[in-house]
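Here is the structure we will look at.
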Amino acid sequence: MNVLDTIAAISTPPGEGGIGIVRLSGDMSIDIASRIFKSNTGKRLDKVKSHCMVYGHIVDPDTNLEIDEVLVSVMKAPHTYTREDIVEINCHGGFTPLKKILELCLRFGARPAGPGEFTKRAFINGRIDLAQAEAVMDIIRSNSDDALKTSVAQLEGKISREISDIRSNIVDLIAHIDAYVDFPEEDVEELSDLKPDIERSIDKIEKLITSASTGKILREGLKTVIIGKPNVGKSSLLNALLKEERAIVTEIPGTTRDIIEEYINIKGVPVKLIDTAGIRDTNDIVERIGVEKTKKFLEQADLVILMFDSSLNLTDEDMLIIELVKDKKVVALLNKSDLPSVLKIDEIERSLPGAKVIRTSLLDGMGLDELTDYVYGLFYNGDIRIDDPIITNTRHLACLKKAVDSLRSAVATFDDGKPVDLITVDLMAAVEALGEITGETAGEEIIDRIFQNFCVGK
Ligand code: GDP
Ligand code: ZN
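Now the structure itself:
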């Protein structure tokens, strides 16, 4: 195990909470905590059994001032998150006690932890690989059960195992070629199996690459815009979806003040409704922000739900909106189907070829199931199942693409009848790219960049 200095950080999120935690990791953790902790029974921290909690107080030894009433857990290496000695001081959740306790830890020899440094240590000390470290971050940020599930699977090493398998197959091939080149006269197995072997690896990687579109939706939600002229029922639909799917996970203001993003869950698929804050009030996005801006706004959508009032004829306004969404994935709702119908389905199908058209009535909920089924089907297209390894990380995707390019180039070299040791160069590049995912061959810069994205204390 590498010997690193001892780090400390407030590990609970900023703001007031019921409890707060200051976490220490490193050789000096127990020593530092001992100096500022007094147990009521006189029990010393270095005598505490690993993974047990002690009740007592944090006292500033220089002033004898009592800072807070605390529970301290002591976890001894190597069976800890970082594989180092860890002490966690559970105190009252206000900012002042937390800050004061952290200050004491620093005064007695700890260094403030950088973003993600605890997790980085778990990586450096070999407890988890890079893909697993990234999963930790994804778990913190996940906004649906399925996203959480894939992140947990990743943390458990599912992706890493799959990648390692492919990688070690390629390493075997390289060894095989080397043996052939070094001892051509010896009885080295024929190289004829080489190409199918490489192609099998290509297939496996391509399957992972395909899974990334599912992964992206799991990570970011299916970005969906509800659009339509005033009074067609947009707000009613939004409310119906929110009511039906009670799992509203978050409501966060987007990058501009105008945009609101709301997550709902449709049968486990995270759907991110992108809404301009005004849509619900002024109703008319096109009129309010203009055609160009609306186009820009629609660009980010994976799916557009375009609503019509089926009791009325199409208007110029409808036609304008149809024009704007033409190139998008569209599901058209002929709403107010409880009223006498004027608008015909084929009329819409003609103006929006390829769009799915559904009759709905938000008065009685008609068509809502068909809508949610459709959204679900969009997501679970093809044969991707949630239990397969799913790539959710853009960095992993880039590495996989690099690897597959190198393997294709290896096949081309083979087909061109070039010397067989040239193939090794491509195979090595593939090995390198795959190793970047799990961290075997990732450079320091990549590693630093990944942990920069973590919050301090994790
Ligand atoms: P928005 O302007 O597009 O957001 O439309 P709203 O959701 O505010 O609905 C406009 C009006 O249409 C409201 O009075 C709703 O109650 C009514 N409405 C919405 N959906 C239906 C429907 O399916 N059938 C009928 N009859 N009225 C509806
Ligand atoms: Zn509205």
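Quick note: the sequence shown uses UniProt numbering, first residue 1, plus one each step. Ideal Cβ positions, reconstructed from N, Cα and C, are used throughout, including at glycine.
**Message:** Using a Cβ-based criterion (distance less than 7 Å to any ligand heavy atom), does G365 qualify as near the ligand GDP?
**Reply:** no
**Request:** Report yes if the CB atom of L397 is closer than 8 Å to the CB atom of A212, and no otherwise.
**Result:** yes
**Asked** By Cβ distance below 8 Å, which residues in the same chain neighbour E347 in space, the five residues on each side in sequence not counted?
**Response** L314
**Prompt:** Anyone know if the C-beta pair for G26 and I10 falls short of 8 Å?
**Reply:** no
**Message:** If you reduce the DSSP assignment to three classes, tell me which class E69 lands in.
**Reply:** strand
**Request:** Tell me whether P97 sits in a helix, a strand or coil according to DSSP, three-state version.
**Result:** helix
**F308, enclosing beta strand (DSSP E) - first and last residue** = L303 to D309
**Contact test: D369 Cβ vs the ligand GDP heavy atom, cutoff 7 Å** = no
**Asked** Just to check, is the beta-carbon of P230 closer than 7 Å to a non-hydrogen atom of the ligand GDP?
**Response** yes
**Message:** I need the straight-line Cα distance from D258 to F297, nearest angstrom please.
**Reply:** Note that D258 scores 46 on pLDDT, short of 50, meaning its location in the model is unreliable and no value can be drawn from it.
**Prompt:** In whole angstroms, what is the alpha-carbon distance linking D129 and I227?
**Reply:** 44 Å
**Asked** For the alpha helix (DSSP H) that S34 lies in, which residues bound it at each end?
**Response** S29 to I36
**Prompt:** Hey, quick one: how far does the alpha helix (DSSP H) through V456 stretch, first residue to last?
**Reply:** No alpha helix (DSSP H) holds V456; DSSP gives it neither H nor E.
**Prompt:** Hey, I32 and I101: beta-carbon distance below 8 Å or not?
**Reply:** no
**Asked** For the beta strand (DSSP E) that contains K267, what are its first and last residues?
**Response** Taken as a continuous stretch (DSSP letters only), K267 belongs to no beta strand (DSSP E), as it is neither H nor E.
**Prompt:** Is A133 closer than 8 Å to I450 when the C-beta atoms are compared?
**Reply:** yes
**Prompt:** Apart from the five residues just before and just after D62, which ones in its own chain have a Cβ nearer than 6 Å to its Cβ?
**Reply:** none
**Asked** Which same chain residues, not among the five before or five after H51, have their C-beta less than 6 Å away from its C-beta?
**Response** M75
**Request:** Rounded to whole angstroms, what's the CA-CA distance from S406 to R200? Just pull it up for me.
**Result:** 14 Å
**Prompt:** Taking the C-alpha atoms as reference points, what is the distance between L98 and I322?
**Reply:** 55 Å
**Asked** Who are H92's beta bridge partners in DSSP?
**Response** I19
**Item:** Contact belief for K4 with R121 at Cβ below 8 Å, rounded distance in angstroms
**Value:** Note that residue 4 is Leu in the sequence shown, not Lys. So it is a contact: roughly 7 Å between Cβ atoms.
**Prompt:** Which value, in whole angstroms, describes the spacing of the CA atoms of K223 and K329?
**Reply:** 11 Å
**Which of helix, strand or coil DSSP assigns to G377** = helix
**Message:** Is the separation between the beta-carbon of L400 and that of I266 shorter than 8 Å?
**Reply:** no
**Prompt:** Ordered along the chain, which non-local residues of its own chain (more than five positions away) have a Cβ less than 8 Å from that of M319?
**Reply:** S351
**Request:** Would you tell me roughly how many angstroms separate the C-alpha atoms of N2 and G377, rounded to the nearest one?
**Result:** For N2, the predicted model reports a pLDDT of 47, less than 50, meaning its position is unreliable and no value from the coordinates is stated.
**Prompt:** At what residues does the alpha helix (DSSP H) containing V325 begin and finish?
**Reply:** D316 to V325
**Neighbour-count burial assignment, D426, 16 or more Cβ in a 10 Å radius** = buried
**Request:** Return yes when the Cβ of C105 is within less than 8 Å of the Cβ of A8, no when it is not.
**Result:** yes
**Request:** With a threshold of 16 other CB atoms inside 10 Å of the CB of F37, please say whether the residue is buried or exposed.
**Result:** buried
**Asked** Taking C-alpha atoms, which residue in G233, K229, V269 and N239 lies nearest to I217?
**Response** V269
**Request:** Check whether the Cβ of L343 lies closer than 7 Å to any heavy atom of the ligand GDP, and answer yes or no.
**Result:** no
**Asked** So what's A8 in DSSP terms, helix, strand or just coil?
**Response** strand
**Cβ shell of P14 (< 6 Å), same chain only, five flanking positions each side left out** = none
**Asked** Can you tell me the Cα-Cα spacing of I358 and A131, whole angstroms?
**Response** 41 Å
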